[in-house]
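Okay, structure first, notes after.
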Amino acid sequence: MVAFEDAYFSQRLGEEADWKVLAGYRIFNWTATEAFHPADVVNSRNFDSNVENLEKKGELTLELERTLEDGSLNFYYWPRFEEPDYPGKESRLGSGIDLERPVWIDQGDATSNQNWGVQYGARFQYTLDDADFSFHYLNHIDRNFPVVGTHNHLTVGTVTTPLELRFRPYFFRVSQMGGTLVYNYQGLQFKVEAAHRNFEQKVQIFDVGNQGLRQPDDHSEVALGLEYGLSHESSGAESTLLLEYQTMFGVSQARAEEMSVFQNDVLLAWRYAFNDTMGKELFLSFIFDIEREHEFLYNLSYQQRLSDVWKYKTGVRIYDAPKKKTTAQGLELLDKANHAFFNLIRYF
């Protein structure tokens with residue numbers, strides 16, 4: 006299947022060209038951080054990719070932008086729900102089963118897999134002295150916190166039994182408010198990214214992983230970050246040191262572990278940019294959970310251009326998170342999915 010990323014038409018309007026209308030498929034980047042992205046939720050993801058930076062699919066978008074002196078105000082309408090891509094049962098990142106087509110929970114309907122509907126939002130961005138900040142509001146079908154299972158179930162007393170053995174992701178309509186802040190101070194960047202989500206429907210789904218009834222829970226996510234750049238004058242290269250932390254509020258620790266791979270995690274990372282004509286870059290990162298014992302993700306990668314249209318990226322990823330209870334949670338789902346990779350990219 007062909008998936009569009011950025012393919013759109015845009016036109017400036019007004020005497021001062023301070024309005025812009027855009028229509029087509031877009032990749033949005035609403036994040037301020039390297040690995041944890043509470044606010045960056047517009048696009049559907051390819052879940053068969055790097056868990057801290059999942060690949061995005063283009064979202065069919067109608068956008069109206071008002072350019073301001075030091076910022077912008079954007080209004081969005083998304084008429085189509087783009088389906089995320091999930092790893093198959095044979096994938097090293099998969100769960101051992103092939104999921105059925107997703108179902109969208111909207112206005113209490115638990116059977117719709119139609120991809121068309123109403124989604125909308127707005128975002129305000131502004132630069133004030135050394136600070137860049139943004140605020141957004143979304144009302145859309147969330148695709149980052151699905152409940153995987155079936156709505157066809159029977160409950161007798163305290164025992165719930167699924168009435169079918171086909172399992173699918175269920176996505177719910179959500180209202181989200183959030184934003185980002187990046188503040189620069191003497192070469193050091195302070196970063197904050199946050200989002201709060203209120204789910205509008207509370208349909209009970211039999212969760213195949215936890216063998217019980219689940220529904221989406223209102224919650225908040227907050228990510229904090231520090232970034233410091235060092236110049237190497239002798240070579241012209243530059244190093245960047247990164248420290249980030251993400252946590253979740255509004256749900257129990259056990260429920261947070263079910264919902265997210267990163268619910269109380271820290272990133273330590275180093276990027277070395279050669280700053281040459283081929284764009285060579287080396288990146289080393291380490292993610293660990295500060296509350297759950299023995300959950301580590303190691304990543305080493307290198308990338309560079311081969312020409313104006315060709316680029317490659319190679320590296321190694323190690324997941325070290327053995328299962329501690331009967332059901333794997335969070336990063337435990339990827340334990341021992343270690344691999345080396347080589348990607349060759351052609352730009353058009």
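The C-terminal residue of the sequence shown carries number 353 in our numbering, and the numbering is unbroken.
Yeah, the Cβ is synthetic: ideal placement off N, Cα and C, and Gly gets one too.
Item                                                                                                                                                                           : Value
Closest by CA to Tyr250, which one among Asn304, Gly230, Asn149 and Lys329?                                                                                                    : Gly230
Less than 8 Å separating the beta-carbons of Asp23 and Thr36?                                                                                                                  : no
Closest to Val56 by CA distance: which of Leu186, Val208 and Phe301 is it?                                                                                                     : Phe301
Under a three-way DSSP split, which group does Gln258 fall into?                                                                                                               : helix
Say whether the region 86-95 touches the region 136-143, bearing in mind that this needs 3 or more beta-carbon pairs closer than 8 Å, one atom from each stretch.              : no
Looking only at C-alpha atoms, which of Leu73, Lys328 and Ala342 sits nearest to Glu21?                                                                                        : Leu73
Assuming Ala37 is part of the beta strand (DSSP E), what are its boundary residues?                                                                                            : Note, Ala37: premise wrong, no beta strand (DSSP E); not H, not E.
Mind checking whether Leu78 and Phe33 have CB atoms under 8 Å apart?                                                                                                           : no
Please look up how many angstroms separate the CB atoms of His299 and Pro327, rounded, as I've assumed it's under 8 Å.                                                         : 6 Å
How about Phe356 and Gln206: are their beta carbons less than 8 Å apart?                                                                                                       : Since the displayed the chain opens at 6 and closes at 353, residue 356 lies outside it and no answer follows.
Mapping the DSSP letters down to three states, classify Glu205 as helix, strand or coil.                                                                                       : coil
What are the complete beta strand (DSSP E) segments, minimum 3 residues, inside the region 282-341?                                                                            : 286-294, 301-310 and 315-325
Taking DSSP as the reference, what is the three-state secondary structure of Glu232?                                                                                           : strand
Does the distance from the CB of Trp121 to the CB of Ile146 come in under 8 Å?                                                                                                 : no
Assign Glu263 to one of three DSSP states: helix, strand, or coil.                                                                                                             : helix
Leaving aside the five residues before and after Tyr307 along the sequence, list all residues of the same chain whose C-beta is less than 8 Å from its C-beta, in chain order. : Lys285, Glu286, Leu287, Phe288, Lys318, Thr319 and Gly320
Just mark Arg106 as buried or exposed, buried being the case when its beta carbon has 16 or more other beta carbons within 10 Å.                                               : exposed
Pop quiz: Gly335 and Glu262 are said to be a contact at Cβ under 8 Å. What is the actual Cβ separation, rounded to whole angstroms?                                            : 5 Å
Measuring alpha carbon to alpha carbon, tell me which residue in Phe80, Leu305, Ala28 and Asp212 is nearest Leu65.                                                             : Ala28
Buried or exposed, going by whether 16 or more other CB atoms sit within 10 Å of the CB of Trp315?                                                                             : exposed
Tell me which residues share the same chain as Pro84 and place their Cβ nearer than 8 Å to its Cβ, disregarding the 5 neighbours each side in the sequence.                    : Leu65, Leu67, Trp121, Gly122, Val123 and Gln124
From this set, Leu311, Ser54 and Pro174, which residue's C-alpha is nearest Asp212's C-alpha?                                                                                  : Pro174
What's the gap between the Cα of Ile295 and the Cα of Gly192?                                                                                                                  : 28 Å
With C-beta atoms as the reference, is His224 less than 8 Å away from Gly255?                                                                                                  : yes
Give the range of the beta strand (DSSP E) segment to which Arg148 is assigned.                                                                                                : Looking at the DSSP string, Arg148 is not in any beta strand (DSSP E), and its letter there is neither H nor E.
Is Tyr91 helix, strand or coil by DSSP?                                                                                                                                        : coil
Can you name the start and end residues of the beta strand (DSSP E) that Lys25 belongs to?                                                                                     : Trp24 to Arg31
Give the straight-line distance between the Cα atoms of Glu60 and Ser236, rounded to the nearest whole angstrom.                                                               : 30 Å
Who are the near neighbours of Arg171 in its chain, counting only those whose CB is closer than 8 Å to its CB and skipping five residues on each side?                         : Glu105 and Thr155
By Cβ distance, which residues of its chain are closer than 7 Å to Phe52, with the 5 residues on each side in sequence left out?                                               : Leu59, Pro89, Asp90, Tyr91 and Pro92
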